[in-house]
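In terms of this note's numbering, the sequence shown opens at residue 60 and continues consecutively.
Right, one structure below, let's go through it.
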Amino acid sequence: MAALDPKDTTFQRILFCTDFSENADFAFSFAVDAATRRPGCELYLLHVIPETEAQFWKTYIYEVDDVDNKARHDVDERIETYRAQLPENVTLQVDIRIGKDDQEILRFAGEAQIDLIVMGRQGRSALQKALFGNVAGKVVRKAECAVLVVPLSYRQRRAGSE
Numbered sequence: 060m061a062a063l064d065p066k067d068t069t070f071q072r073i074l075f076c077t078d079f080s081e082n083a084d085f086a087f088s089f090a091v092d093a094a095t096r097r098p099g100c101e102l103y104l105l106h107v108i109p110e111t112e113a114q115f116w117k118t119y120i121y122e123v124d125d126v127d128n129k130a131r132h133d134v135d136e137r138i139e140t141y142r143a144q145l146p147e148n149v150t151l152q153v154d155i156r157i158g159k160d161d162q163e164i165l166r167f168a169g170e171a172q173i174d175l176i177v178m179g180r181q182g183r184s185a186l187q188k189a190l191f192g193n194v195a196g197k198v199v200r201k202a203e204c205a206v207l208v209v210p211l212s213y214r215q216r217r218a219g220s221e
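Okay, here's the thing in structure tokens:
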């Protein structure tokens with residue numbers, strides 16, 4: 060077995076993907092930990108708004124006052140909760156896209172030359188997975204970089220062992 064080259068395991072660009080769920084919030088601590096351990100590393104946050112939701116909002120933008128501003132404010136507010144958790148030596152670059160979750164994550168990862176993708180795993184039923192697919196699973200299968208998928212059950216397991 061060949062020895063590992065440190066360059067092969069050094070992450071300089073880390074992408075944290077969030078849908079603002081409890082599971083994504085938990086996975087954020089792993090992204091911050093990875094960034095903290097690598098001085099000079101770039102940490103990115105990506106939120107993808109599914110195209111179907113974007114279309115829904117577009118139909119109401121002109122009918123209801125400030126819907127777009129309210130949605131933008133809510134997203135900005137959630138992003139600020141992530142920024143508040145960062146140590147001083149870690150900065151966060153934010154991107155918000157509209158489209159199919161897995162495709163936008165993979166596109167962004169390629170464009171930004173991401174070394175590590177960190178994301179939570181949603182616990183969905185077999186029927187939901189069959190109908191809608193599994194974003195984390197698709198990203199793992201198609202990513203050209205390392206992917207860390209953090210299940211919420213890990214936090215529960217850790218809490219039980221303390």
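The C-beta atom is built at its ideal place from N, Cα and C for all residues, glycine as well.
Here the structure is a predicted model, which means the values were calculated and not measured.
Spatially closest choice to residue i from the options, by CA coordinates
i	options	result
Gln144	Gly158, Met178, Thr95 and Arg166	Thr95
Val194	Asp78, Leu104 and Gly169	Asp78
Ala90	Pro109, Gly158, Glu81 and Arg72	Arg72
Asp160	Glu110, Phe70, Ser212 and Ala86	Glu110
Leu74	Tyr213, Ser212, Arg214 and Val208	Val208
Val153	Cys76, Phe70 and Thr69	Cys76
Phe70	Asp84, Ala86, Tyr103 and Ala83	Tyr103
Val198	Tyr213, Glu139 and Phe167	Phe167
Arg200	Leu211, Gln215, Tyr213 and Leu165	Leu165
Gly158	Leu211, Tyr213, Ser88 and His106	His106
Buried versus exposed call for residue i [16 or more other C-beta atoms within 10 Å across all chains shown]
i	result
His132	exposed
Gly169	exposed
Glu101	buried
Asn128	exposed
Gly179	buried
Glu163	buried
Leu190	Bear in mind that a pLDDT of 41 at Leu190, under 50, signals an unreliable position, so the number given afterwards is only what the model happens to contain. Answer is exposed; the Cβ neighbour count stays below 16.
Ser184	Since pLDDT at Ser184 reaches only 48, below the 50 mark, its modelled position is unreliable, and no value is offered.
Leu186	Any reading at Leu186 is ruled out, since the residue's pLDDT is 45, under 50, leaving its predicted position unreliable.
Residues that residue i bridges to, as DSSP identifies them
i	result
Leu102	Ile73 and Leu151
Gly179	Val209
Gly158	Pro109
Would you be able to state if there are at least three C-beta pairs under 8 Å between the stretch 158-178 and the stretch 197-211?
yes
State whether the stretch 91-111 contacts the stretch 142-156, with contact taken as three or more CB pairs (one from each stretch) at a distance under 8 Å.
Result yes; three or more Cβ-Cβ pairs closer than 8 Å.
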